[in-house]
Amino acid sequence: MKSKHILNKMTPYQPGKQIEEVKREYGLDRIVKLASNENPFGYSGKVADYLSSHKPALNIYPDGYTTELRRALANKLGVSENQLIFGNGTDEIVQMIGRAYLYPGANTVMAMPTFPQYKHNALVEGAEVKEVPTINGYHDLDGMLAAIDDKTNVIWLCSPNNPTGCLIPRDDLYRFIEKCPSDVLIVLDEAYFEYADKKLQPEILSYLEQYKNLVVLRTFSKAYGLAGLRIGYGITNPELIPGLDVVRGPFNTSSFAQQAALVALEDDEFIEDTVSRNNAIKKSFGQFLDSIGWHYFDSQTNFMLVSTPISGDRVFQYLQENGFIVRPGEGLGVSKTIRVTIGNETDMQDLQEVLYQLHTKINEGSLT
Ligand SMILES: Cc1ncc(COP(=O)(O)O)c(C=O)c1O
20 MKSKHILNKM TPYQPGKQIE EVKREYGLDR IVKLASNENP FGYSGKVADY
70 LSSHKPALNI YPDGYTTELR RALANKLGVS ENQLIFGNGT DEIVQMIGRA
120 YLYPGANTVM AMPTFPQYKH NALVEGAEVK EVPTINGYHD LDGMLAAIDD
170 KTNVIWLCSP NNPTGCLIPR DDLYRFIEKC PSDVLIVLDE AYFEYADKKL
220 QPEILSYLEQ YKNLVVLRTF SKAYGLAGLR IGYGITNPEL IPGLDVVRGP
270 FNTSSFAQQA ALVALEDDEF IEDTVSRNNA IKKSFGQFLD SIGWHYFDSQ
320 TNFMLVSTPI SGDRVFQYLQ ENGFIVRPGE GLGVSKTIRV TIGNETDMQD
370 LQEVLYQLHT KINEGSLT
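Numbering (our numbering), first residue to last: 20 to 387.
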């Protein structure tokens, strides 16, 4: 068969083990998954009520224009309806951008480490990938500007960055946007927007008018807790939308996802509660890590990248045997780290106990 040659050199995304599988393997009753930056507090009760009392007509295709959600979101964000594009998760918008802007002979610039789907999709499209190492978890914006050449079509900024959690400082971001050539598409992925400190965040939507080469990505998967429904969105200038619409599947977001997101948007209290609980738990987890002398990166998200005295893979293994699934940093491109999603109060307390045992074993030399 004659598929794209690059596919023979690439591997599919490896989802973590399913909870039931880990339980069976280690004979555990309880597993806490802290690996995918999901919301440990669930989702808005208003969404739960809505979904239990409204049944979308499943025999009918969903609204391919996402009309109602588009109207509500445009209102909430203070942008025009024709500035929005919806995806089956932000993942799909990343894929659409790859399809629309990347091809053999073009290149794309991104941080290292960052969200892996930027690279994955760029490679599938046959584009060259230029990775610029982060500095203490922060994007090296000067390095990224220097990497741009006349073949660069897209530059990816992930802020806060996954997996480091670091937010690009507002003024640095503004300067970057001003200096970036106007024919290079800047994708600012704000999947963790709701978690980041409002005082530190850029007023990015007001830049869309002036900078026509900017796309901002956000999602309902993280703070809104709707990862299972797969819905995210992009905000950009209206001229870019038709090109992205060409590569979008006609009915790419489900009726359930559209309706749930619409209801979720009305529940600001749920988001405030999620963020304030997350921040309190994250702070106390940071204090615990300080107490055992483990370094962690500045996080403006619902996860933390933690440096480990032994390999991240080994720490991952120990935690898994003890009922916690985290992400080993080796797979994310940062050795001797683990990425831990901030869980609920009880789960994080229990995690700390297991980490303390691990720390003691490492200090005694019984675990290397
Ligand atoms: C930075 C970043 N962007 C995008 C996504 C994808 O989100 P979605 O669930 O909307 O596809 C994630 C998910 O982990 C992420 O961390």
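Think of the CB as a built atom: it goes at the ideal place given N, C-alpha and C, for glycine as much as any other residue.
- For secondary structure counted as the beta strand (DSSP E) over 3 or more consecutive residues, the region 228-278 holds these complete runs in sequence order: 233-238 and 251-254.
- When the alpha-carbon of Pro135 is set against those of Tyr193, Phe316, Phe105 and Glu349, the nearest one is in Glu349.
- If you draw a straight line from the Cα of Lys23 to the Cα of Tyr122, it is about 12 Å long.
- The Cβ-Cβ distance between Tyr80 and Phe239 does not fall below 8 Å.
- Shown here for Ala299: not one same chain residue has a beta carbon closer than 7 Å to its own, the five before and five after excluded.
- Spanning the alpha carbons of Asp161 and Val113 requires a straight line of approximately 23 Å.
- With respect to the C-alpha of Lys218, the residue from Arg249, Gln319, Leu374 and Leu281 having the closest C-alpha is Gln319.
- Here Leu386 is near Lys380, since their CB atoms are less than 8 Å apart.
- Every unbroken stretch of the beta strand (DSSP E) spanning 3 or more residues and falling wholly within the region 322-365 is given here in chain order: 322-326 and 356-360.
- Using a 10 angstroms sphere on the CB of Gln339, the tally of other CB atoms reaches 16 or more, which defines it as buried.
- At least one heavy atom of ligand 1 falls within 7 Å of the beta-carbon of Asn181.
- Membership of Lys149 in the beta strand (DSSP E) is indicated by the continuous run Glu147 to Pro152.
- Taking 7 Å as the cut-off, one finds at least one heavy atom of ligand 1 near enough to the beta carbon of Ala246.
- The secondary-structure analysis by DSSP pairs Cys177 across a beta bridge with Asp208.
- Scanning the region 103-128 for uninterrupted alpha helix (DSSP H) segments of 4 residues or longer gives 109-120, listed from N- to C-terminal end.
- For the pair Tyr337 and Glu372, the Cα-to-Cα distance works out to about 13 Å.
- Ile300: member of the alpha helix (DSSP H) spanning Asp287 to Ile311, first to last residue.
- Between ligand 1 and the CB of Asn56, the shortest heavy atom gap is smaller than 7 Å.
- Under the DSSP assignment, Glu57 falls outside any alpha helix (DSSP H); it carries neither an H nor an E label.
- The closest heavy atom of ligand 1 lies less than 7 Å from the beta carbon of Ser240.
- Ranked by how close their Cα comes to the Cα of Gly312, the residues Tyr230, Leu370, Gly253 and Val325 have Val325 in first place.
- Between Asn27 and Gly342, the alpha-carbon positions lie close to 35 Å from each other.
- Here the region 223-235 does not lie against the region 87-95, with fewer than 3 beta-carbon pairs under 8 Å apart.
- Here Thr86 carries a helix assignment [DSSP, helix/strand/coil].
- Nearest in C-alpha terms to Phe304, of all of Lys36, Phe105, Asn101 and Glu364, is Glu364.
- In this chain, the alpha helix (DSSP H) harbouring Ala141 covers Gln136 to Val143.
- For Asp110, the distance from the CB to the nearest heavy atom of ligand 1 is below 7 Å.
- Nearest to Ala276 by C-alpha distance, out of Asp332, Asn181, Gly83 and Ala210, is Gly83.
- Distance from the Cα of Ile250 is smallest, within the candidate group Tyr69, Ser274, Gly156 and Val265, for Ser274.
- Non-local beta-carbon contacts of Leu142 in its own chain, meaning distances under 7 Å to residues more than five positions away in sequence, involve Ile25, Met29 and Val148 in chain order.
- With 16 or more other Cβ atoms from the protein chains shown falling within 10 Å of its own Cβ, Met323 counts as buried.
- Look at Tyr69 here: in three-state DSSP terms it is helix.
- Counted as a single uninterrupted DSSP element, the alpha helix (DSSP H) harbouring Gly162 occupies residues Leu160 to Ala166.
- With respect to the C-alpha of Tyr157, the residue from Thr183, Tyr315 and Met129 having the closest C-alpha is Thr183.
- The closest CA to that of Trp175, considering only Phe60, Val151, Pro221 and Ala242, is found on Val151.
- As computed with DSSP, Lys52 is found in a beta bridge with Ile344.
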